[in-house]
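Novice: One structure is given below, represented as structure tokens, and several questions about it will come after.
2 protein chains.
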Amino acid sequence: MSDVAKLAGVSPMTVSRALRPNASASESTRKKIREAADQLGYVLDSTAAGLSSRKTGFVAVTIPSINNANFANTIRGLNEGLQDSGLQVLLGFTDYNIKEEERLVEAFLRRRPEAIVVTGGVHTERCRRYLAASGVPVIEIWDLPSSPIEHSVGFSNVKAGRAMANYLVDKGYKNIGFIGGNTKQDARGSDRCEGFAEVLEERGLSTERLRISEEPVRNMAQGAAAMDYLIDKHPDTQAVMCASDLSAFGAMMSCQRRGLKVPEDIAIAGFGGYDISANAIPQITTLEAGDYQIGTETAKVILSQLADDNDETEERAPQRIKIATQLLERESTSPK
Amino acid sequence: MSDVAKLAGVSPMTVSRALRPNASASESTRKKIREAADQLGYVLDSTAAGLSSRKTGFVAVTIPSINNANFANTIRGLNEGLQDSGLQVLLGFTDYNIKEEERLVEAFLRRRPEAIVVTGGVHTERCRRYLAASGVPVIEIWDLPSSPIEHSVGFSNVKAGRAMANYLVDKGYKNIGFIGGNTKQDARGSDRCEGFAEVLEERGLSTERLRISEEPVRNMAQGAAAMDYLIDKHPDTQAVMCASDLSAFGAMMSCQRRGLKVPEDIAIAGFGGYDISANAIPQITTLEAGDYQIGTETAKVILSQLADDNDETEERAPQRIKIATQLLERESTSPK
DNA sequence: TTGAAAGCGCTACCAA
DNA sequence: TTGGTAGCGCTTTCAA
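Protein chains in written order, with UniProt numbering: chain A, 1 to 336; chain B, 1 to 336.
Here it is as structure tokens:
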């Protein structure tokens with residue numbers, strides 16, 4: 001930087017200011033300095049800038065998996081919401097494992113992020129401590145925990161499961177199943193299953209067709225295998241909700257292979273509002289979670305918390321942003 | 001850190017060493033210091049560490065989109081390959097736009113990454129300059145550019161297109177189409193189309209069924225729309241390769257809606273080895289690109305370049321890692 | 001194995 | 001609008 005200063009005939013301090021948008025520097029020196037920097041191939045060192053200003057410009061984010069269109073959309077929304085703020089997302093993947101989340105959060109904390117976003121409301125004890133003591137805004141997404149660490153942006157997965165169950169029962173189905181996975185790994189998925197089961201019980205229906213697999217059921221092949229298992233065990237099954245649209249599609253293919261017609265012989269619903277649900281034939285009934293919106297709303301929370309004009313106002317209070325989910329009724333549950 | 005030192009009764013320097021795995025410190029003081037750190041809730045500041053040691057631990061990576069299973073798999077492979085190295089991936093999305101890539105690369109350079117990974121071999125002039133002058137290993141992935149900046153890990157997209165064309169021509173199809181998108185935005189996609197077209201010409205077939213759309217054709221809906229357009233224009237089309245398995249699936253659904261049987265009435269092939277290609281009925285012939293492997297191989301290149309025991313050996317020479325692609329023949333192009 | 005001094009490259013703060 | 005001083009929290013280097 002001092003080289004640039006020398007070349008431009010100013011002090012290093014002026015260079016520092018000229019290279020930042022908000023600092024005061026005359027347009028003429030700005031231009032002079034930019035040219036000098038360009039000529040020398042100088043690139044600002046934000047590591048040093050961060051150390052000095054205590055602002056790293058990082059937002060640390062953990063999601064369970066990058067191979068998931070829902071979380072991908074959230075990150076897309078978050079990125080777009082943070083676009084003009086100069087904030088950089090530091091992304092990490094927990095592989096649906098809260099121990100791994102703890103490791104990631106610890107590593108991220110070393111980077112001194114200005115905000116931390118974690119997926120879900122279930123964390124290790126140590127991870128909660130880390131987050132609570134981080135000194136920066138913490139946002140839990142994709143859920144609305146009953147005891148949030150600070151802010152949360154999401155929806156009730158229990159209610160989502162309830163909504164789909166009520167829909168299927170209202171449709172007149174009696175023997176209703178749920179295809180989902182290992183409940184320990186994915187708290188949000190098991191919450192949906194729980195809500196689903198609640199409704200079946202409340203409305204006097206059997207819950208013996210639930211939680212088929214001990215393994216996660218996220219992809220198409222797992223959905224197909226789970227459906228095979230379910231139909232073999234309960235051939236009288238009339239309707240099934242799947243943990244995701246991908247497993248719903250796999251389940252639907254499994255039915256097709258067996259000569260079962262969807263929805264005439266068996267109704268299938270998914271979750272997540274994936275592309276496949278709108279493009280498969282028949283189209284698959286799904287519950288759209290507002291994944292992209294979770295990202296944009298999270299960005300808003302971060303920016304409002306980081307705005308320095310609200311140091312002691314009510315804005316600092318924990319935010320709880322509820323994202324609307326939407327049940328999209330499609331052919332797969334709706335016989336003509 | 002000096003607080004920790006005081007509590008543990010040692011100098012800050014000893015704390016610094018005790019907290020790093022490779023530094024020399026006795027196990028007893030290590031333990032003492034770890035306890036003190038834990039008690040104070042001290043977390044190392046890697047911003048300051050990075051400034052001092054000139055090692056940030058970052059690997060900057062740009063991919064076109066997070067909503068793409070292929071690139072997601074590459075990142076997964078890269079992450080896993082870098083797992084034990086302490087290197088953190090700094091991920092950015094270019095939205096298939098090299099101008100945006102330039103912006104990202106410039107922002108990333110400020111973070112002083114220890115290596116830079118970019119997708120594709122086409123960049124803006126300025127971006128190439130940045131990368132070449134970065135002073136750290138640069139790896140271009142998902143392609144094998146004829147004039148690489150430094151290292152490359154990928155495959156020839158032209159050859160991939162040729163392979164699929166040859167396969168379809170060998171199958172006996174004559175009126176063959178290609179469903180793809182705007183060639184300016186996605187150089188890799190247009191390379192595949194180019195290779196595809198070359199073969200058709202070489203083997204004396206018409207190329208009038210190529211490059212249907214000016215818009216990108218990446219998702220299912222776009223594939224369906226492009227297929228509708230193609231069949232309306234060329235009802236005699238016998239076989240089609242699509243830019244991705246997603247568009248291939250959409251195209252297949254479009255055929256199903258029209259009462260065209262796949263592959264009896266029209267054969268369809270995709271690209272990318274997506275889950276859907278193996279789970280759709282019929283299964284879709286595809287070209288697997290080795291996406292995950294691109295990630296793991298890229299990690300290997302980075303680690304070998306960063307190893308300090310090869311300062312002047314041949315390892316420093318630009319690497320060019322060719323990833324094997326595999327044509328998976330499936331029912332969608334193979335009438336019984 | 002441990003400690004002291006110096007400085008990484010920048011920005012906050014105060015002064016002009 | 002510009003410049004000087006001090007220091008962000010750590011690691012490198014050298015010495016003990």
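Even glycine gets a Cβ: it sits at the ideal position worked out from N, Cα and C.
It should be emphasised that the depicted structure is a prediction, and the values quoted were computed from it without experimental measurement.
1. When the Cα atoms are used, what is the spatial distance from N310(A) to N79(A)?
2. Does the beta-carbon distance from G195(A) to A226(A) come in below 8 Å?
3. Is residue 376(A) close to chain B? Criterion is C-beta to C-beta, closer than 8 Å.
4. Between the C-alpha atoms of E101(B) and L131(B), what's the straight-line distance to the nearest angstrom?
5. Pull out every residue of the segment 270-286 of chain A whose Cβ sits closer than 9 Å to any Cβ of chain B, in chain order.
6. With a CB to CB cut of under 7 Å and the five nearest residues on each side skipped, what residues in its chain are close to V122(B)?
7. Could you tell me which of V240(A), K31(A), D45(A) and P263(A) sits nearest to N175(A), measuring between CA atoms?
8. Would you please verify whether the beta carbon of L51(B) is less than 8 Å from any beta carbon of chain A?
9. Tell me where the beta strand (DSSP E) around A267(B) begins and ends.
10. Using a Cβ-Cβ cut-off of 8 Å, state whether L91(B) counts as contacting chain A.
11. Taking only the alpha-carbon atoms, compute the straight-line gap between R316(A) and N68(B) and give it to the nearest angstrom.
12. Between E208(B), A224(B), T183(B) and S244(B), which lies nearest to M215(B) when the distance is taken from Cα to Cα?
13. Let's test the definition: count the other Cβ atoms within 10 Å of the Cβ of A133(B) and tell me whether it reaches 16, buried, or not, exposed.
14. In the DSSP output, which residue or residues are listed as bridge partners for F93(B)?
15. List the residues that DSSP assigns as beta-bridge partners of H151(B).
16. Could you check what DSSP says for T183(B) in three-state terms: helix, strand or coil?
17. Which residues in the same chain as V217(B) place their Cβ atom closer than 7 Å to its Cβ, once the five residues preceding and following it in sequence are excluded?
18. Rounding to the nearest angstrom, what Cα-Cα distance links V3(A) and I302(A) in this structure?
19. Determine, using beta carbons only, whether G250(A) comes closer than 8 Å to chain B.
20. Which same chain residues end up closer than 7 Å to P145(A) when comparing Cβ atoms and leaving out the 5 residues on each side of it in sequence?
21. Once you ignore the five residues that flank L90(B) on each side, which residues in its own chain have a CB closer than 8 Å to its CB?
22. Within its chain, find whatever has a CB closer than 7 Å to the CB of S254(B); leave out the 5 residues flanking it on each side and keep chain order.
23. With DSSP as the reference, identify every bridge partner of G177(A), one or two as the case may be.
24. Helix, strand or coil, according to DSSP, for A324(B) in the structure here?
25. With a cut-off of 8 Å, does the C-beta of G259(A) fall near any C-beta of chain B?
26. Work out the CA separation of K55(A) and M1(B) for me, nearest whole Å.
27. Can you grab the Cα-Cα spacing for the pair residue 338(B) / I323(A), in whole Å?
28. Does T56(B) get closer than 8 Å to chain A when you measure Cβ to Cβ?
29. Are the beta-carbon atoms of G270(A) and L230(A) separated by less than 8 Å?
30. Return no unless some Cβ of chain B is closer than 8 Å to the Cβ of I75(A).
31. For a test of the three-state rule: what should DSSP assign to I281(B), helix, strand or coil?
32. Can you tell me the Cβ-Cβ gap for I294(A) and G77(A), rounded? I've got them flagged as a contact below 8 Å.
33. Taking just the CA atoms, how far does L200(A) sit from L210(A)?
34. List the residues of chain A that Q256(B) touches, going by C-beta distances under 9 Å, in chain order.
35. Out of curiosity, what's the CA-to-CA distance linking A221(A) and A49(A)?
36. Return the residues of the segment 214-233 of chain B that lie within a Cβ-Cβ distance of less than 9 Å from chain A, sorted by chain order.
Specialist: Concretely, from the data shown:
1. In the first sequence, counting from the first residue as 1, residue 310(A) sits at position 310. In the first sequence, counting from the first residue as 1, residue 79(A) sits at position 79. Any reading at N310(A) needs caution, since the residue's pLDDT is 49, under 50, leaving its predicted position unreliable; the model's value is listed next. If I take the Cα positions, the gap works out to 23 Å.
2. Taking the first residue of the first sequence as position 1, residue 195(A) is located at position 195. Taking the first residue of the first sequence as position 1, residue 226(A) is located at position 226. At the C-beta level, G195(A) and A226(A) stay beyond 8 Å of one another.
3. Any question about residue 376(A) goes unanswered here, given that chain A covers just 1 to 336.
4. Taking the second sequence and counting its residues from 1, one reaches residue 101(B) at position 101. Taking the second sequence and counting its residues from 1, one reaches residue 131(B) at position 131. Computed Cα separation, rounded: 11 Å.
5. So the close ones are D275, I276, A278, N279, A280 and I281.
6. Taking the first residue of the second sequence as 1, we reach residue 122(B) at position 122. Once the five neighbours on either side are set aside, the close Cβ partners of V122(B) are I98 and A187.
7. Here residue 175(A) is taken as the residue at index 175 of the first sequence, counted from 1. The option with the nearest alpha carbon to N175(A) is V240(A).
8. The residue you call residue 51(B) lines up with position 51 of the second sequence. Yes, its Cβ sits closer than 8 Å to a Cβ of chain A.
9. Translated into the one-based positions of the second sequence, residue 267(B) becomes position 267. Taken as a continuous stretch (DSSP letters only), the beta strand (DSSP E) holding A267(B) covers A267 to A269.
10. What you label residue 91(B) is simply residue 91 of the second sequence in a count that begins at 1. It does: the Cβ of L91(B) has a partner Cβ on chain A nearer than 8 Å.
11. Reading the first sequence from its first residue, position 316 is the one you call residue 316(A). Reading the second sequence from its first residue, position 68 is the one you call residue 68(B). Going by the C-alpha atoms only, they are around 37 Å apart.
12. In the second sequence, the residue the question calls residue 215(B) occupies position 215. The sequence given here places Glu at residue 215(B); Met does not occur at that position. Looking at the Cα atoms, T183(B) is the closest of the given residues.
13. By one-based count along the second sequence, residue 133(B) stands at place 133. It counts as exposed.
14. As a working note, residue 93(B) is residue 93 in the second sequence. Beta-bridge pairing by DSSP links F93(B) to I63(B).
15. Along the second sequence, one-based indexing puts residue 151(B) at 151. Its beta-bridge partners are I139(B).
16. Within the second sequence, the letter at position 183 stands for residue 183(B). In the structure shown, T183(B) sits in coil (DSSP, three-state: anything other than H, G, I, E or B).
17. Counted from its first residue, the second sequence places residue 217(B) at position 217. Correct list, in chain order: I179, G180, G181, G223, A226, A243 and S247.
18. By one-based count along the first sequence, residue 3(A) stands at place 3. By one-based count along the first sequence, residue 302(A) stands at place 302. Here residue 3(A) turns out to be Asp, not Val, going by the sequence shown. Between D3(A) and I302(A), the C-alpha separation is close to 37 Å.
19. Locating residue 250(A) in the first sequence gives position 250, where the first residue counts as 1. Interface residue, yes.
20. Within the first sequence, residue 145(A) is the residue found at index 145, counting from 1. When the five nearest sequence neighbours on each side are left out, the beta carbons in the same chain lying within less than 7 Å of the beta carbon of P145(A) are those of G121 and S152, in order along the chain.
21. Within the second sequence, residue 90(B) is the residue found at index 90, counting from 1. Excluding five sequence positions before and after L90(B), the CB atoms of its chain that fall closer than 8 Å to its own CB belong to F58, V59, A60, V61, F108, R111 and P113, given in chain order.
22. For the purposes of this step, residue 254(B) is taken as residue 254 along the second sequence, with counting starting at 1. The answer, listed in chain order, is A224, M227 and D228.
23. Locating residue 177(A) in the first sequence gives position 177, where the first residue counts as 1. Its beta-bridge partners are V240(A).
24. Position 324 of the second sequence, counted from the first residue, corresponds to residue 324(B). A324(B): coil per DSSP, three-state reduction.
25. Residue numbering aside, residue 259(A) sits at position 259 when the first sequence is read from its first letter. With 8 Å as the cut-off, G259(A) does not count as an interface residue toward chain B.
26. For the purposes of this step, residue 1(B) is taken as residue 1 along the second sequence, with counting starting at 1. For the purposes of this step, residue 55(A) is taken as residue 55 along the first sequence, with counting starting at 1. Taking the CA atoms as reference points, M1(B) sits about 19 Å from K55(A).
27. Summary: the structure shown does not reach residue 338(B), with chain B confined to residues 1 through 336, and so no result is reported for it.
28. In the second sequence, counting from the first residue as 1, residue 56(B) sits at position 56. Answer yes: the Cβ-Cβ gap between T56(B) and chain A drops below 8 Å somewhere.
29. By 1-based counting over the first sequence, the position of residue 270(A) is 270. By 1-based counting over the first sequence, the position of residue 230(A) is 230. No, the pair does not count as a contact, with Cβ atoms beyond the cut-off.
30. What you label residue 75(A) is simply residue 75 of the first sequence in a count that begins at 1. Taking Cβ atoms only, chain B reaches closer than 8 Å to I75(A), which makes this a yes.
31. Looking up residue 281(B) in the second sequence gives position 281. Under the three-state reduction of DSSP, I281(B) is assigned to coil, being neither helix nor strand.
32. Here residue 294(A) is taken as the residue at index 294 of the first sequence, counted from 1. Here residue 77(A) is taken as the residue at index 77 of the first sequence, counted from 1. Contact check for I294(A) and G77(A): beta-carbon distance about 7 Å, within the 8 Å limit, so the pair qualifies.
33. Reading the first sequence from its first residue, position 210 is the one you call residue 210(A). Reading the first sequence from its first residue, position 200 is the one you call residue 200(A). Taking the straight line joining both Cα atoms gives about 10 Å.
34. Counted from its first residue, the second sequence places residue 256(B) at position 256. Neighbours of Q256(B) on chain A, chain order: I281.
35. Taking the first residue of the first sequence as position 1, residue 221(A) is located at position 221. Taking the first residue of the first sequence as position 1, residue 49(A) is located at position 49. The straight-line gap from Cα to Cα measures roughly 49 Å.
36. Against chain A - using a Cβ distance shorter than 9 Å - the residues of the segment 214-233 of chain B are N219, M220, A221, G223 and A224.
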